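J.:
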Amino acid sequence: MRVLKDKDRVLYDKLVRLAGGNSQIVLKVLSNPHRSSVDLRTAIKEIEALRNSQKMSAAPSPSISQAAPA
Amino acid sequence: MSIAWATVVIVVLLLPGFAFFWGLYSPNQVTREVSPASPLAQLAGVVVISFLVHACAYFVINTRLCVGPGALPATPCVDFDEFAALLRIEAFTLPGTPPRTFRSMLDSYAGWILVYFATIGAVTGLLGFAAGKLIENGYLSGFTRHRYLFMLERGRKKKGAELVRAHVLSRTQNLNNVIFYDGILQDFFAKADGTISYVVLHDARTSTIEITSSGTLHSDTSTPLDIRGESLGTKPLLVITSENIANVYFEPLNEVRIESGDDTDALDRAIDELEQASARTAGDR
Numbered sequence: 295m296r297v298l299k300d301k302d303r304v305l306y307d308k309l310v311r312l313a314g315g316n317s318q319i320v321l322k323v324l325s326n327p328h329r330s331s332v333d334l335r336t337a338i339k340e341i342e343a344l345r346n347s348q349k350m351s352a353a354p355s356p357s358i359s360q361a362a363p364a
Numbered sequence: 708m709s710i711a712w713a714t715v716v717i718v719v720l721l722l723p724g725f726a727f728f729w730g731l732y733s734p735n736q737v738t739r740e741v742s743p744a745s746p747l748a749q750l751a752g753v754v755v756i757s758f759l760v761h762a763c764a765y766f767v768i769n770t771r772l773c774v775g776p777g778a779l780p781a782t783p784c785v786d787f788d789e790f791a792a793l794l795r796i797e798a799f800t801l802p803g804t805p806p807r808t809f810r811s812m813l814d815s816y817a818g819w820i821l822v823y824f825a826t827i828g829a830v831t832g833l834l835g836f837a838a839g840k841l842i843e844n845g846y847l848s849g850f851t852r853h854r855y856l857f858m859l860e861r862g863r864k865k866k867g868a869e870l871v872r873a874h875v876l877s878r879t880q881n882l883n884n885v886i887f888y889d890g891i892l893q894d895f896f897a898k899a900d901g902t903i904s905y906v907v908l909h910d911a912r913t914s915t916i917e918i919t920s921s922g923t924l925h926s927d928t929s930t931p932l933d934i935r936g937e938s939l940g941t942k943p944l945l946v947i948t949s950e951n952i953a954n955v956y957f958e959p960l961n962e963v964r965i966e967s968g969d970d971t972d973a974l975d976r977a978i979d980e981l982e983q984a985s986a987r988t989a990g991d992r
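Structure below.
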């Protein structure tokens with residue numbers, strides 16, 4: 295039995311690309327227990343926000359990099 | 708010879724029942740590909756449905772279509788005595804004996820008999836199809852044997868994108884660590900008793916679960932099986948068969964609604980911007 299439609303698979307792969315290849319971000323956005331559905335534009339915004347916040351937290355802080363030699 | 712002939716006649720008479728069950732399973736991809744859970748019960752159903760259909764057809768033809776004010780011209784009545792002769796051993800003409808009346812009956816009404824079986828076969832097939840669609844859409848839920856299978860199939864029929872995430876606990880283990888997979892459920896196959904035969908996961912990841920005396924401990928990170936993650940076309944699949952499945956937790960995700968074509972254009976633009984920015988960053992380095 296086929297569960298995943300081809301167009302849904304393509305959409306999911308695009309969302310993963312938007313998340314910078316991190317499928318965990320997409321799954322986090324689509325696993326919101328407080329809603330049963332989400333429109334695509336909202337999903338794009340939430341994925342971009344999560345992706346950017348993860349990028350910021352992963353990037354080394356300038357103050358730390360400056361403090362390290364001292 | 709006579710027994711074989713009687714068997715052929717009985718199988719032909721059961722055609723409406725077979726057509727009904729063919730129609731019943733055709734819209735339902737969950738059970739269409741598996742053998743019936745109880746072949747004997749299904750055969751009983753075939754016999755009962757065939758009997759009812761023939762009885763109704765006999766009543767309609769002999770009281771409405773071949774006699775009376777609303778009768779269709781040239782429509783012959785069903786002669787039960789002639790029909791019963793077909794099933795008997797002496798119905799066959801032996802060498803040296805004169806031909807019996809049923810032979811001329813067959814010569815005269817072969818076309819009508821074919822039309823009769825084609826019509827009731829088509830009608831019962833359509834009735835079965837309608838019943839199958841009702842079951843599939845949840846209106847005859849009492850006939851649903853394995854409801855969770857229909858839950859999995861529901862997303863495929865929705866207009867929006869409703870994905871199902873599957874968390875698969877495997878039987879592969881080392882000491883107290885058990886391999887765990889999760890991914891988007893792409894294909895699913897169940898046996899006749901509803902147990903899982905295999906699952907196919909899209910964009911699968913793997914992790915471990917450690918079984919301790921105080922409970923289970925899931926590893927903090929999971930690793931994508933597609934380690935490079937560079938394939939822009941169809942991504943690799945993970946097929947897990949029942950021999951390696953301890954249990955599966957199915958999690959329907961939020962349905963993604965696409966209001967218009969502008970939404971998908973916005974997604975494409977956002978991906979292009981991200982990938983162009985990544986290319987510029989890589990070029991600066």
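Line by line, the protein sequences give chains L and V. Count along the first sequence from 1, add 294, and you get the number used in the numbering used here. Count along the second sequence from 1, add 707, and you get the number used in the numbering used here. Idealized CB from N, CA, C, for every residue including glycine. Being a predicted model, the structure only gives us computed values, none of them experimental.
Check the Cβ of glutamine 893(V) against every Cβ in chain L and list those closer than 8 Å, keeping chain order.
T.: Per Cβ cutoff of 8 Å: Arg296, Val297, Leu298, Arg303.
J.: Write down the C-beta distance between phenylalanine 887(V) and leucine 859(V) rounded to the nearest angstrom, noting that I regard them as a contact closer than 8 Å.
T.: In fact, because the Cβ distance is near 20 Å, the residues do not count as touching under 8 Å.
J.: Applying the criterion that 16 or more other CB atoms from any shown protein chain within 10 Å of the CB defines a buried residue, is tyrosine 846(V) buried or exposed?
T.: Flag for tyrosine 846(V) reads exposed.
J.: Return the residue from the list Ser811(V), Thr782(V), Val774(V), Ala726(V) that minimises the CA-CA distance to valine 755(V).
T.: If we check each option's Cα against that of valine 755(V), Ala726(V) comes out closest.
J.: Report the three-state DSSP secondary structure of histidine 874(V) (helix, strand or coil).
T.: The answer is strand: DSSP assigns histidine 874(V) an E or B state.
J.: 9 Å is my cut-off, CB to CB: does leucine 309(L) come that close to chain V?
T.: Cβ-Cβ to chain V under 9 Å: yes for leucine 309(L).
J.: Out of Thr988(V), Ile820(V), Glu962(V), Val885(V), point me to the one whose CA is closest to tyrosine 379(L)'s CA.
T.: No information on residue 379(L) is available, as it lies outside the stretch 295 to 364 that chain L covers here.
J.: To which residues of the same chain is proline 776(V) closer than 7 Å at the C-beta, ignoring the five residues directly before and after it?
T.: None.
J.: What in chain V is Cβ-close to glutamate 241(L), meaning under 9 Å?
T.: One cannot answer for residue 241(L) here, as it falls past the ends of chain L, which runs 295 to 364.
J.: Going by C-alpha to C-alpha distance, which of Ala899(V), Ile820(V), Thr971(V) sits closest to valine 719(V)?
T.: When each option's Cα is compared against that of valine 719(V), the closest is Ile820(V).
J.: Using a Cβ cut-off of 8 Å, pull out every chain L residue sitting near histidine 909(V), in sequence order please.
T.: Under the 8 Å cutoff, chain L gives Leu298, Arg303, Tyr306.
J.: May I ask which residues mark the beginning and end of the alpha helix (DSSP H) holding valine 310(L)?
T.: Element bounds for valine 310(L): 300 to 312.
J.: Does the beta-carbon distance from serine 757(V) to leucine 721(V) come in below 9 Å?
T.: Their beta carbons are under 9 Å apart, which means serine 757(V) touches leucine 721(V) by this criterion.
J.: Just the C-alpha distance for phenylalanine 728(V) and arginine 912(V), rounded to the nearest angstrom, thanks.
T.: Rounded to whole angstroms, phenylalanine 728(V) to arginine 912(V) spans 40 Å at the Cα level.
J.: Examine chain L for any beta-carbon lying closer than 9 Å to the beta-carbon of valine 871(V), and answer yes or no.
T.: At least one chain L Cβ lies under 9 Å of valine 871(V).
J.: What does serine 317(L) touch in chain V if you count any residue whose Cβ is under 8 Å from its own?
T.: Within chain V, the residues near serine 317(L) are Asp910, Arg912, Pro931.
J.: Could you give the distance in angstroms between the alpha-carbon of valine 760(V) and the alpha-carbon of glycine 724(V)?
T.: Rounded to whole angstroms, valine 760(V) to glycine 724(V) spans 8 Å at the Cα level.
J.: Applying the 10 Å Cβ sphere with the 16-neighbour rule, what's the burial state of histidine 909(V)?
T.: Flag for histidine 909(V) reads buried.
J.: In or out: isoleucine 717(V) buried (at least 16 other Cβ within 10 Å) or exposed?
T.: By the neighbour-count rule (16 or more Cβ atoms within 10 Å), isoleucine 717(V) is not buried but exposed.
J.: Output yes if chain V places a C-beta closer than 9 Å to the C-beta of alanine 337(L); else output no.
T.: Yes, alanine 337(L) lies at the interface with chain V (some Cβ there is under 9 Å from its Cβ).
J.: Please report the residue range of the alpha helix (DSSP H) in which alanine 748(V) lies.
T.: Residues 746 to 767.
J.: If you draw a straight line from the alpha carbon of asparagine 769(V) to that of alanine 778(V), how long is it in whole angstroms?
T.: In a straight line, the C-alpha of asparagine 769(V) is about 9 Å away from that of alanine 778(V).
J.: Does DSSP classify tyrosine 888(V) as helix, strand or coil?
T.: Tyrosine 888(V) falls in the strand class under three-state DSSP.
J.: Please report the distance separating the alpha-carbon of aspartate 972(V) from that of lysine 308(L).
T.: The straight-line gap from Cα to Cα measures roughly 11 Å.
J.: Enumerate in chain order the residues of its own chain whose CB-to-CB distance from asparagine 951(V) is below 7 Å, with the five nearest sequence positions on each side excluded.
T.: Around asparagine 951(V): Ser877, Arg878, Thr879.
J.: Is the Cβ of glutamate 843(V) closer than 9 Å to any Cβ of chain L?
T.: No, because no Cβ of chain L sits closer than 9 Å to the Cβ of glutamate 843(V).
J.: Taking the beta carbon of arginine 739(V) as the centre, do at least 16 other beta carbons fall within 10 Å, making it buried, or is it exposed?
T.: At arginine 739(V) the pLDDT is 47, less than 50, meaning the model places this residue with poor confidence; the figure from the coordinates comes in the next sentence. It is exposed - the Cβ of arginine 739(V) has fewer than 16 other Cβ atoms within 10 Å.
J.: Note down, in chain order, every chain L residue with its Cβ under 8 Å from the Cβ of glutamate 962(V).
T.: What glutamate 962(V) touches in chain L: Ser330, Ser331, Val332.
J.: Which residue or residues does DSSP assign as beta-bridge partners of aspartate 333(L)?
T.: In DSSP, aspartate 333(L) forms a bridge with Arg964(V).
J.: Could you check the C-alpha separation between glutamine 348(L) and glutamine 983(V) for me, to the nearest Å?
T.: Rounded to the nearest angstrom, the two C-alpha atoms are 19 Å apart.
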